[in-house]
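Residue numbers (the working numbering): 1 to 131.
Given below as structure tokens:
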């Protein structure tokens with residue numbers, strides 16, 4: 001493991017155990033939570049700005065991608081590794097990443113947040129059945 005990856009992992013661990021709740025912009029949340037993996041592409045995370053890697057994810061749609069990522073998907077931990085990250089904060093960070101990677105999403109309104117929460121519950125139920 002090189003120094004850059006080690007520094008990213010240390011930053012990620014610090015954020016994971018910080019217990020800080022976020023009520024801020026998507027860019028700020030990205031920088032504090034998501035950047036550790038998405039800037040470097042750690043564990044195959046789609047890199048920020050990589051339109052080719054993001055395209056199939058964006059095609060899943062805002063509700064589905066947000067809900068699945070919020071619960072945890074592939075090597076990504078739930079809530080990006082921050083147990084205090086709200087669905088709204090997570091959603092805004094994802095909008096920021098998507099819009100800088102070829103997408104054109106809006107910050108979710110109450111109706112979209114409700115749909116995301118419904119999909120989160122469905123995803124959790126499906127994952128529990130597999131275990």
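Quick reminder that beta carbons are idealized off the backbone N, C-alpha and C, glycines included.
query: Excluding the five sequence neighbours on either side, which residues of its own chain have a C-beta within less than 7 angstroms of the C-beta of residue 34, listed in chain order?; result: 80, 93, 97
query: With DSSP as the reference, please indicate the residues paired to residue 76 in a beta bridge.; result: 73
query: Could you give the first and the last residue of the continuous alpha helix (DSSP H) run that contains residue 50?; result: Per DSSP, residue 50 belongs to no alpha helix (DSSP H) and is neither H nor E.
query: Would DSSP call residue 102 helix, strand or coil?; result: coil
query: On the three-state DSSP scale, how would you describe residue 91?; result: helix
query: Mind checking residue 83: buried by the 16 CB within 10 Å criterion, or exposed?; result: exposed
query: Using the C-alpha atoms, what's the distance from residue 87 back to residue 68?; result: 11 angstroms
query: Hey, out of 52, 37, 101, whose CA is closest to residue 45's CA?; result: 37
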